[in-house]
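What the sequence shown shows, in this note's numbering, is residues 49 to 488, in sequence order. We treat Cβ as the ideally placed atom computed from N, Cα and C, and that holds for glycine. Working notes, beginning with the structure itself.
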Amino acid sequence: MKKVYLETYGCQMNEYDSELVKAILKKPDFEFTNSADKADVVLLNTCSIRENANRKVYNRISQIQQKRNGNGVRIGILGCMATNFRKQLLDNPQLPIDFIAGPDSYKRLPDLIDQVEETGEKGFDITLSEFETYSDVYPTRESGINAWIAVMRGCNNFCTFCVVPYTRGRERSRSPINVVEEVERLSAEGFRQITLLGQNVNSYNFEGKDFAYLLQKVSAVDGIERIRFSSPHPKDFPRNLLEVIVENPKVCKQIHLPLQAGNDRILKMMNRTYTSTEYLKLVDKIRGLCPEMVLTTDIIVGFPTETDQDFEDTYKVMEQVEYDSSFIFKYSERPQTIASRKLPDDISDQKKKERIVRLNELQKEISYKKNRSHIGQIHEVLIEQESTKKSANQYQGRNDGNKIVIIPKGTYRKGQFVNVKITEATPHVLKGTVVDTILK
Ligand code: SAM
Ligand code: SF4
Numbered sequence: 049m050k051k052v053y054l055e056t057y058g059c060q061m062n063e064y065d066s067e068l069v070k071a072i073l074k075k076p077d078f079e080f081t082n083s084a085d086k087a088d089v090v091l092l093n094t095c096s097i098r099e100n101a102n103r104k105v106y107n108r109i110s111q112i113q114q115k116r117n118g119n120g121v122r123i124g125i126l127g128c129m130a131t132n133f134r135k136q137l138l139d140n141p142q143l144p145i146d147f148i149a150g151p152d153s154y155k156r157l158p159d160l161i162d163q164v165e166e167t168g169e170k171g172f173d174i175t176l177s178e179f180e181t182y183s184d185v186y187p188t189r190e191s192g193i194n195a196w197i198a199v200m201r202g203c204n205n206f207c208t209f210c211v212v213p214y215t216r217g218r219e220r221s222r223s224p225i226n227v228v229e230e231v232e233r234l235s236a237e238g239f240r241q242i243t244l245l246g247q248n249v250n251s252y253n254f255e256g257k258d259f260a261y262l263l264q265k266v267s268a269v270d271g272i273e274r275i276r277f278s279s280p281h282p283k284d285f286p287r288n289l290l291e292v293i294v295e296n297p298k299v300c301k302q303i304h305l306p307l308q309a310g311n312d313r314i315l316k317m318m319n320r321t322y323t324s325t326e327y328l329k330l331v332d333k334i335r336g337l338c339p340e341m342v343l344t345t346d347i348i349v350g351f352p353t354e355t356d357q358d359f360e361d362t363y364k365v366m367e368q369v370e371y372d373s374s375f376i377f378k379y380s381e382r383p384q385t386i387a388s389r390k391l392p393d394d395i396s397d398q399k400k401k402e403r404i405v406r407l408n409e410l411q412k413e414i415s416y417k418k419n420r421s422h423i424g425q426i427h428e429v430l431i432e433q434e435s436t437k438k439s440a441n442q443y444q445g446r447n448d449g450n451k452i453v454i455i456p457k458g459t460y461r462k463g464q465f466v467n468v469k470i471t472e473a474t475p476h477v478l479k480g481t482v483v484d485t486i487l488k
């Protein structure tokens, strides 16, 4: 039996993929360990979305190499870096990498590991599939409150800055029957919330069954009380989908709506397929249907040619929408992408940093204002875990809008729903006291 240690970098989809890998590398041949020092095989499930994600992985490889020099540990690189940097990873004699496997090749891992053992030769499989959805693999999850479930994989959008279509291939969706079966099993195992995942989750389509249909089907599963999804694209919000999100009580009232930029020239160069006016119209439509909808976003600053004036347009959209929270990134040139081939990365790091700081400051102000407006309200909270902040006497959970809410521990338990009166707010969390428990 080989001992395997697995470390995950990047997004929720990668966390989910690691759960798939754990299910594929099964006993009696493989056993997972929590310590890299005790492992025969070290797997790094990697992310390639920005350069700093890559750097982390290279640093980690050299750390493992130094610690285990001469010990014969096998090192495998999985995920997006494998498909994006095959040559650099395998042909560099300085790097002690034995095999690599892309996001559609995890079922080949047992063979790849055996092959390295038997022949001592490096192995790789980075084939991107138009069909692989792993619908026949039931991921090995830690028991808990929330379960991730990938309902589609890949992306066809080719935003010019983004490497995902190259590292994860074309869009493909799982059948709704298969997804519902998995959700039923999750419910039987005690999960209370599921998060449907996909690189462009709301373009889910299986033989004409769309994402609105899938949400309805999944919400009919008893025991699952909250449904979230990530990450949608603003172009795929037809009215019927918005109505399901607004009207179905199990679908959380929170939408992540990546803006990326607020200037139309930049949006066009990014190939986002919407203008700022169209985006703002969508926001109005959502708020018209559901004024309390929590909106969050992703923004990239310093895309090639972005002038100070262009950046101000992004700033203005942020001021106008008043997102509850946002992820703001410095543009990072990625190999293979259209932007890397056609547009020099011409905005200085200093400028990108200044723009990030300004947007983060604006977001902090808005988040604080929004969070303070909840003081005195009653929010339904699903208790998730001990508070990650100092006190051992507190639990943290999330309200429907996905905001963290801190409560005194009392006699409550994880997985329970409680009504909480909000008494305090910071830009990042809400705090409150439980007024009653909810039977669900
Ligand atoms: N599919 C989602 C969408 O359409 O917005 C996003 C998926 S991507 C994993 C998450 C975020 O990373 C993107 O929304 C974008 O803001 C950011 N991102 C992607 N490529 C980037 C790049 N080259 N440089 C900086 N940020 C990037
Ligand atoms: Fe990347 Fe655009 Fe696809 Fe999102 S929609 S994964 S940003 S190409």
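Those residues which DSSP pairs with residue i across a bridge
i       : result
Ser-221 : Met-200
Tyr-53  : Val-90
His-304 : Thr-344
Arg-274 : Gln-241
Lys-479 : Ile-454 and Glu-472
Asp-258 : Asn-253
Ala-195 : Ile-242
First and last residue of the uninterrupted alpha helix (DSSP H) at residue i
i       : result
Ser-415 : 397-420
Gln-247 : Neither: Gln-247 is in no alpha helix (DSSP H) and is coded neither H nor E.
Ser-324 : 324-337
Ile-72  : 60-72
Lys-104 : 99-115
Arg-122 : It is not in any alpha helix (DSSP H) - Arg-122 instead sits in the beta strand (DSSP E) that spans 122-127.
Ile-386 : 386-390
Phe-359 : 356-369
Pro-213 : 212-216
Asn-288 : 287-295
Element boundaries [beta strand (DSSP E), containing residue i]
i       : result
Asp-173 : 171-173
Residue i - DSSP class collapsed to helix/strand/coil
i       : result
Thr-344 : strand
Asp-15  : The question about residue 15 has no answer here: the residues shown for the chain are numbered 49 through 488.
Ile-486 : strand
Gln-136 : helix
Tyr-251 : It is Ser, not Tyr, that sits at residue 251 in the sequence shown. Of the three classes helix, strand and coil, the one that applies to Ser-251 here is helix, per DSSP.
Thr-81  : coil
Ser-374 : strand
Val-231 : helix
Val-266 : helix
Residue-level contact to chain D via CB, residue i, 8 Å cutoff
i      : result
Lys-75 : Of the chains in the structure shown, none is chain D; there is only one protein chain.
task: Give, in chain order, every unbroken run of the beta strand (DSSP E) that is at least 3 residues long and sits entirely within the segment 415-466.
output: Counting whole runs of 3 or more residues, the segment 415-466 contains the beta strand (DSSP E) stretches 426-434, 442-447 and 452-456.
field: Touching by the beta-carbon criterion (3+ pairs, under 8 Å), the segment 92-111 and the segment 132-150
entry: Verdict: yes, contact present.
- request: Say whether the segment 420-439 touches the segment 466-476, bearing in mind that this needs 3 or more beta-carbon pairs closer than 8 Å, one atom from each stretch.
  value: The segment 420-439 is in contact with the segment 466-476.
- prompt: Touching or not, the segment 389-400 and the segment 360-368, by the rule of three or more beta carbon pairs under 8 Å?
  reply: No: the two stretches stay apart, fewer than three of their Cβ pairs being nearer than 8 Å.
- request: Pair every Cβ in the segment 182-194 with every Cβ in the segment 202-210, then say whether three or more of these pairs are closer than 8 Å.
  value: With the cut-off at 8 Å, the segment 182-194 and the segment 202-210 do not touch.
query: Looking at C-beta atoms only, is the number of pairs between the segment 229-239 and the segment 186-198 that lie closer than 8 Å three or more?
result: Taking 8 Å as the limit for Cβ pairs, the verdict is that the segment 186-198 does touch the segment 229-239.
message: Threshold first: 3 residues or longer. Then list the beta strand (DSSP E) segments lying entirely within the segment 140-189, N to C.
response: The DSSP assignment places 147-149 and 171-173 as complete runs of the beta strand (DSSP E) inside the segment 140-189, in order along the chain (cut-off: 3 residues).
- prompt: When the Cβ atoms of the segment 321-341 are set against those of the segment 279-291, are three or more pairs found closer than 8 Å?
  reply: With the cut-off at 8 Å, the segment 321-341 and the segment 279-291 touch.
message: Check whether the segment 265-279 and the segment 244-254 touch, using three or more Cβ-Cβ pairs below 8 Å as the test.
response: Touching, yes, given that three or more Cβ pairs across the two stretches are closer than 8 Å.
query: Is it true that the segment 425-432 meets the segment 371-383, where meeting means three or more beta-carbon pairs spaced less than 8 Å apart?
result: Contact between the segment 425-432 and the segment 371-383 is absent, because fewer than three Cβ pairs lie under 8 Å.
- prompt: Using 8 Å as the Cβ pair cut-off and three pairs as the minimum, do the segment 88-102 and the segment 171-179 touch?
  reply: The segment 88-102 is not in contact with the segment 171-179.
query: With contact counted as at least three CB pairs below 8 Å, one residue from each stretch, are the segment 127-134 and the segment 209-219 in contact?
result: Output reads yes: the segment 209-219 touches the segment 127-134.
- prompt: Is there contact here, the segment 304-314 with the segment 342-353, by at least three beta-carbon pairs under 8 Å?
  reply: Between the segment 304-314 and the segment 342-353 there are three or more inter-stretch CB-CB distances shorter than 8 Å, so the stretches are counted as touching.
- request: Count the CB pairs spanning the segment 223-230 and the segment 265-273 that are closer than 8 Å, and state whether there are at least three.
  value: Yes, they touch.
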